[in-house]
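Since the structure comes first, as structure tokens, the remarks are kept for the end.
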Amino acid sequence: EAQVTQNPRYLITVTGKKLTVTCSQNMNHEYMSWYRQDPGLGLRQIYYSMNVEVTDKGDVPEGYKVSRKEKRNFPLILESPSPNQTSLYFCASSYSAGDIETQYFGPGTRLLVL
Amino acid sequence: AQSVAQPEDQVNVAEGNPLTVKCTYSVSGNPYLFWYVQYPNRGLQFLLKYITGDNLVKGSYGFEAEFNKSQTSFHLKKPSALVSDSALYFCAVRALNSGGGADGLTFGKGTHLIIQP
Chain P
6 EAQVTQNPRY
16 LITVTGKKLT
26 VTCSQNMNHE
36 YMSWYRQDPG
46 LGLRQIYYSM
56 NVEVTDKGDV
66 PEGYKVSRKE
76 KRNFPLILES
86 PSPNQTSLYF
96 CASSYSAGDI
106 ETQYFGPGTR
116 LLVL
Chain E
156 AQSVAQPEDQ
166 VNVAEGNPLT
176 VKCTYSVSGN
186 PYLFWYVQYP
196 NRGLQFLLKY
206 ITGDNLVKGS
216 YGFEAEFNKS
226 QTSFHLKKPS
236 ALVSDSALYF
246 CAVRALNSGG
256 GADGLTFGKG
266 THLIIQP
């Protein structure tokens with residue numbers, strides 16, 4: 006089954022404790038991205054990756070890091086989480102950057118930073 | 156810069172009635188327009204898109220959207236609403252830039268659609 010998986014689905018942490026949210030896709034997609042969803046703000050792109058070892062900032066990259074060492078994985082790293090990073094996070098992938106309108110979304114990771 | 160406005164936080168419709176979810180956009184260049192739906196505790200699902208051609212676009216689950224260039228709008232419509240249509244709907248835009256490439260997707264804030272039995 007074609008899918009995007011994220012782990013963990015729910016996470017409660019404290020300010021400053023480094024965390025990683027994993028994202029994996031099994032469709033051999035080149036393009037992957039991370040979004041955060043906040044009430045009243047919709048989805049905002051954090052980082053995206055056009056292919057292995059190619060990443061770039063989205064609209065709200067501050068406080069986040071990503072890496073793309075393998076085509077299937079695109080982890081999101083919060084080196085020192087802060088309460089304003091409490092949000093619902095979605096990973097997504099598509100065949101290419103030119104096809105991002107039909108990107109597949111993961112189920113979401115709900116993060117609470119205390 | 157491109158932007159999307161969804162002026163209604165919530166739309167309430169009785170089952171069986173027609174529904175409209177509004178979206179207006181602002182881009183420099185030709186727009187690519189999209190609608191996505193998000194059911195509770197799920198990621199977004201692509202519904203339909205407008206790239207070029209016929210202004211009326213048909214998508215999944217009986218939804219359609221009409222592109223209106225003069226009003227810079229792309230409203231989502233369905234002739235007869237179902238309770239199962241209740242969800243969060245997002246409009247999105249990307250612009251074909253002058254270099255021939257395309258910018259990233261910009262999403263609206265979302266509209267909660269509630270269909271009452």
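Line by line, the protein sequences are chains P and E. Offset between the first sequence (1-based) and our numbering: plus 5. Offset between the second sequence (1-based) and our numbering: plus 155. All C-beta atoms, glycine included, are put in the ideal place defined by N, C-alpha and C. Model, not experiment: these values are computed from the prediction.
DSSP state of residue i mapped onto helix, strand, coil
i, result
"Asp-164(E)", "coil"
"Pro-272(E)", "coil"
"Thr-107(P)", "helix"
"Ser-183(E)", "coil"
"Tyr-69(P)", "coil"
"Asn-31(P)", "coil"
"Asn-223(E)", "strand"
"Ser-215(E)", "helix"
"Gln-8(P)", "coil"
"Gln-42(P)", "strand"
"Val-19(P)", "coil"
"Gln-200(E)", "strand"
Beta-ladder partner(s) of residue i, from DSSP
i, result
"Leu-243(E)", "Gln-193(E) and His-267(E)"
"Asp-129(P)", "Since the first residue of chain P shown is 6 and the last is 119, residue 129(P) is not available in this structure."
"Thr-25(P)", "Ile-82(P)"
"Gly-47(P)", "Asp-43(P)"
"Val-248(E)", "Leu-188(E) and Thr-261(E)"
Distance between residue j and residue i (C-alpha atoms, nearest Å)
i, j, result
"Leu-46(P)", "Arg-115(P)", "16 Å"
"Ile-269(E)", "Asp-240(E)", "8 Å"
"Pro-173(E)", "Lys-213(E)", "15 Å"
"Thr-25(P)", "Thr-107(P)", "26 Å"
"Gln-30(P)", "Asp-64(P)", "23 Å"
"Phe-79(P)", "Arg-73(P)", "5 Å"
"Cys-178(E)", "Leu-211(E)", "14 Å"
"Arg-77(P)", "Gln-8(P)", "11 Å"
"Tyr-244(E)", "Phe-201(E)", "10 Å"
"Asn-167(E)", "Val-182(E)", "29 Å"
Contact list for the segment 196-214 of chain E against chain P, Cβ threshold 8 Å: Asn-196, Arg-197, Gly-198, Leu-199, Gln-200, Phe-201 and Lys-204
Contact list for the segment 211-244 of chain E against chain P, Cβ threshold 9 Å: none
Chain-ordered residues of the segment 18-47 of chain P with a beta carbon less than 7 Å from chain E: Gly-45, Leu-46 and Gly-47
Residues in the segment 165-198 of chain E having any Cβ partner in chain P nearer than 8 Å: Tyr-187, Phe-189, Asn-196, Arg-197 and Gly-198
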